[in-house]
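Everything below concerns the one structure shown next.
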């Protein structure tokens, strides 16, 4: 019992916390309640200065925006049809400028204007470090997406390209890896925009709902890729007890994405991508990629103990499996 | 705009935040939504190490319990009839022992078993300082209590004694003020219990609902006294645009509470009392004090610009008006 959190690691911490919440959000990112026989989705995220944002790369308004986008992305990955509202718990050191707090709330409200929902309340307190704890609440539409709904034979679909946010961060930090002539001006500006003002995948969800072949039931598995593409696939596999077979030729990359292992790694594991990763019956998957130009089929699901493998049968390289670390 | 938060002060911070949440929790402590034409209450509270709890006085289990009790107390002060669930955002330094986290979640679940509701999810991250951000969700019963519903001529009722939690804290910190022969063993143990394992006023709310005279409509004002009795009265006055006239002979004290200005001050301003402070039509107030032995009438409401005055017309002393400072 005297192990420290960094010795245990994030995945094991979440695993141990599961016993405290038998029907909880830990497994599926979003919690749910059925107060009047109708389903309500609830999602809580914490953003910590130095872990999830920093003054170097993120303005106060961007932090507020990002906090809302992160949360709504989780609701989208559960099938939200209406975002009702959010509450905000804000902690800041006493010497923080009011301008920073004002900026955060401005960013929150700008994101809500864009994506729906209202700021309905919260709490604030002083502390040593800036923290935002956001809880978003919404209702569920026709399709309740779960991580655990994938089946053998499903196609895996990414709703958009991955790695852009990671590249945006690297550009903002003047990372030497970005001194690369292959990075077009257009890609740079898109990457920075994606990092600073991420867009939750509400349009992708809408496309998914609109394009379902009539003969199929409302069954699909999904999650968002806020912790990276591989982490999202890992979660689908683990919750659905399936194996994901990924085609390395079909990684979801921007059309101007450079070639190389570093770039593949950012695509697979960059994090903060806020796209949907879906496991769908083949005909639904094919219908989606026709409807949603940014989406693409990246692999298939098969029965077997949870893991991610390349199409040629090789295991995914260890350095690609580093999880997005919060501890 | 370059003022810092400690220069502005908590009340002004909350005031400025109001513009971002026109229908928000800031005014009434609890937010509400009407997703299906039925009202849902939502409350978010943050608890910060060194501000709201410390290792010296609060075990991990007590912190978890307190976090739940604080939140449910706010729901009770809004008229909750069913606690649906809570989400927990937990932040802790990487070197924190797992035993501490385990203890917090144990305390959370113990409190939920006692008061109702389930732990439905959350998030966790590392940070420099321990933080708990809790959001509780519930449904509203027959009576939606608001701070702003008080009317001229109402009686003011406290659902129980005040100052016990403050005394408990002083005892745990070996404050010299507690070296007082007047403090009975029974009072000591009750005070420490109240500080470590506070009970949200759900029974008081039930008594209030049960004892309403039939001829009265469902109109009452209320808040909880988690930030102290005077702060609760201030909030009722300010939201209802009324003046509270308090009888110093009828302060809500434990029957063994010592006499003296320090003790009056703890009663008025100790904080973390988790009782209901209600503004009720006289016949309802009289009915309540008969039904709920711990409750007592402490004054009346009258029209006028918001303030709190003693029965003899004197203003409340300045040193009693120190707010519970979070900044």
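Chains as they are written, first to last, in my numbering: chain A, 6 to 332; chain B, 6 to 332. Glycine residues also receive a C-beta, built at the ideal position from the N, C-alpha and C atoms.
- List, in order along the chain, the chain A residues whose C-beta lies closer than 8 Å to that of residue 278 (chain B)? Indexing the second chain from 1 puts residue 278 (chain B) at position 273. Here the premise fails: no neighbours, minimum Cβ distance about 18 Å.
Unbroken stretches of the alpha helix (DSSP H), 4 residues or longer, contained in the stretch 46 to 93 of chain A = 65 to 81
Residue-level contact to chain A via CB, residue 199 (chain B), 7 Å cutoff
Position 194 of the second chain holds residue 199 (chain B). No, because no Cβ of chain A sits closer than 7 Å to the Cβ of residue 199 (chain B).
ask   = Quick one: what does DSSP say residue 151 (chain B) is sitting in, helix, strand or coil?
value = Walking along the second chain from the start, residue 151 (chain B) turns up at place 146. In the structure shown, residue 151 (chain B) sits in a strand (DSSP, three-state: E or B).
- Beta-carbon neighbours of residue 335 (chain A), restricted to chain B and to distances below 9 Å: Any answer about residue 335 (chain A) is impossible in this case: the structure gives chain A only from 6 up to 332.
Q.
Please report the distance separating the alpha-carbon of residue 238 (chain A) from that of residue 135 (chain B).
A. Your numbering for residue 238 (chain A) matches position 233 in the first chain. Your numbering for residue 135 (chain B) matches position 130 in the second chain. Cα to Cα, residue 238 (chain A) sits roughly 31 Å from residue 135 (chain B).
Looking only at its own chain, which residues have a Cβ that is under 6 Å from the Cβ of residue 65 (chain A), when we skip the five neighbours before and after it?
-> Here residue 65 (chain A) refers to the residue found at position 60 of the first chain. Correct list, in chain order: 105, 108 and 109.
- Query: Can you name, in chain order, every residue of its own chain whose Cβ lies under 6 Å from the Cβ of residue 48 (chain B), other than the five neighbours on each side?
  - Reply: For the purposes of this step, residue 48 (chain B) is identified with residue 43 of the second chain, where counting begins at 1. Excluding positions up to five away in sequence, the list reads 35, 76, 79, 80 and 141.
Exercise for review: Identify which residue in A:93, A:123, A:232 and A:195 has its Cα closest to the Cα of residue 274 (chain A).
Suggested key: Counting from 1 along the first chain, the entry for residue 274 (chain A) is found at position 269. The shortest Cα separation from residue 274 (chain A) among A:93, A:123, A:232 and A:195 belongs to A:232.
Checklist line | Residue-chain proximity (residue 46 (chain A), chain D), Cβ-Cβ < 7 Å | finding: Note that chain D does not occur in the displayed structure, where the protein chains are A and B.
- Label residue 321 (chain B) either buried or exposed according to how many other C-beta atoms from any shown protein chain fall within 10 Å of its C-beta, with 16 as the threshold for buried. Working through the second chain from its first residue, we reach residue 321 (chain B) at position 316. Residue 321 (chain B) comes out buried.
Separation of residue 40 (chain B) from residue 328 (chain B), as counted between CA atoms: In the second chain, counting from the first residue as 1, residue 328 (chain B) sits at position 323. In the second chain, counting from the first residue as 1, residue 40 (chain B) sits at position 35. In this prediction, residue 328 (chain B) scores a pLDDT of 45, lower than 50, which makes its location untrustworthy; the coordinate-derived value is nonetheless stated afterwards. Cα-Cα distance, rounded: 35 Å.
Checklist line | Cβ neighbour criterion (16 or more within 10 Å) applied to residue 118 (chain A) | finding: Here residue 118 (chain A) refers to the residue found at position 113 when the first chain is read from its first residue. Residue 118 (chain A) is exposed by the Cβ-count criterion.
In angstroms, rounded to a whole number, what distance separates the CA positions of residue 205 (chain B) and residue 25 (chain A)? In the second chain, counting from the first residue as 1, residue 205 (chain B) sits at position 200. In the first chain, counting from the first residue as 1, residue 25 (chain A) sits at position 20. Cα to Cα, the separation comes out at about 22 Å.
Item to check | Residues near residue 149 (chain A) by beta carbon distance below 6 Å, same chain, minus five either side | outcome: Taking the first chain and counting its residues from 1, the one referred to as residue 149 (chain A) is at position 144. Taken in chain order, the residues that qualify are 84.
(message) To be precise: take each residue of the stretch 73 to 94 of chain A, compare its Cβ to all Cβ atoms of chain B, and keep it if any distance is under 8 Å. Which residues remain?
(response) 87, 89, 90, 92, 93 and 94
Requested in this report: Please work out which residues of its chain come closer than 6 Å, Cβ to Cβ, to residue 199 (chain B), disregarding the five sequence neighbours upstream and downstream, and give them in chain order.
Outcome: On the second chain, position 194 is the one that residue 199 (chain B) refers to. Here the set comprises 169, 170 and 173.
Helix, strand or coil for residue 267 (chain B) per DSSP? On the second chain, position 262 is the one that residue 267 (chain B) refers to. In the structure shown, residue 267 (chain B) sits in a helix (DSSP, three-state: H, G or I).
Item checked: Partner residues on chain B for residue 147 (chain A), Cβ-Cβ distance less than 8 Å -> Working through the first chain from its first residue, we reach residue 147 (chain A) at position 142. Residues of chain B passing the Cβ test: none, with the nearest at roughly 16 Å.
- For residue 319 (chain B), which residues from the same chain have a beta carbon less than 6 Å from its beta carbon, with the 5 sequence-adjacent residues on both sides left out? Here residue 319 (chain B) corresponds to residue number 314 of the second chain, with the count starting at 1. Taken in chain order, the list of residues that qualify is empty.
- Task: Quick one: which residues of the stretch 128 to 153 of chain A get their C-beta closer than 7 Å to a C-beta of chain B? List them in chain order.
- Result: 128, 129, 130, 131, 132, 133, 134, 136, 138, 140, 142 and 144
| message | Only counting the same chain, and skipping five residues up and downstream in sequence, which positions put a Cβ closer than 7 Å to that of residue 112 (chain A)? | response | Walking along the first chain from the start, residue 112 (chain A) turns up at place 107. So the list reads 65, 66, 67, 68, 69 and 70, once near-sequence residues are dropped.
CB contact check: residue 49 (chain A) to chain B, cutoff 7 Å: Counting from 1 along the first chain, the entry for residue 49 (chain A) is found at position 44. So yes, residue 49 (chain A) belongs to the interface.
The stretch 289 to 297 of chain A touching the stretch 158 to 166 of chain A, judged by at least three CB pairs closer than 8 Å: yes
Item to complete: Could you tell me which chain B residues have their CB closer than 9 Å to the CB of residue 120 (chain A), listed as they occur along the chain?
Response: For this step, residue 120 (chain A) is matched to residue 115 along the first chain. Those within 9 Å of residue 120 (chain A) in chain B number zero; the least Cβ separation is about 16 Å.
- Task: For residue 267 (chain A), collect the residues of the same chain with a Cβ closer than 7 Å to its Cβ; drop the 5 residues on either side in sequence, then sort them by chain order.
- Result: Against the first chain, residue 267 (chain A) aligns to sequence position 262. Correct list, in chain order: 182.
Using a Cβ cut-off of 7 Å, which residues of the stretch 283 to 298 of chain B contact any Cβ in chain A, in chain order?
none
Chain A beta carbons: is any one of them nearer than 7 Å to that of residue 181 (chain B)? Residue mapping note: residue 181 (chain B) aligns to position 176 of the second chain, counting from 1. Closer than 7 Å: no.
Notebook entry, point to check: Got a sec: which bits of the stretch 233 to 252 of chain A sit with their beta carbon under 7 Å from any beta carbon on chain B, in order along the chain?
Noted result: none
Could you tell me whether the Cβ atoms of residue 94 (chain A) and residue 56 (chain B) are closer together than 7 Å? Counting from 1 along the first chain, the entry for residue 94 (chain A) is found at position 89. Counting from 1 along the second chain, the entry for residue 56 (chain B) is found at position 51. Not closer than 7 Å, so no.
Check your understanding: Cα separation between residue 44 (chain B) and residue 120 (chain B)?
Key -> In the second chain, counting from the first residue as 1, residue 44 (chain B) sits at position 39. In the second chain, counting from the first residue as 1, residue 120 (chain B) sits at position 115. Cα to Cα, residue 44 (chain B) sits roughly 20 Å from residue 120 (chain B).
Pair within 7 Å by beta-carbon distance, residue 130 (chain B) and residue 53 (chain A):
The residue given as residue 130 (chain B) occupies position 125 in the second chain. The residue given as residue 53 (chain A) occupies position 48 in the first chain. Yes, the pair counts as a contact, with Cβ atoms nearer than the cut-off.
- Taking the C-alpha atoms as reference points, what is the distance between residue 59 (chain B) and residue 195 (chain B)? Counted from its first residue, the second chain places residue 59 (chain B) at position 54. Counted from its first residue, the second chain places residue 195 (chain B) at position 190. Roughly 20 Å separates the two Cα atoms.
Using a Cβ-Cβ cutoff of less than 6 Å, which residues in the same chain neighbour residue 300 (chain B) once the five nearest sequence positions on both sides are dropped? For the purposes of this step, residue 300 (chain B) is taken as the residue at position 295 of the second chain. Excluding positions up to five away in sequence, the list reads 162, 164, 293 and 294.
At which residue ranges does the stretch 196 to 223 of chain B contain complete alpha helix (DSSP H) runs of 4 or more residues, listed in the order of the chain?
207 to 215
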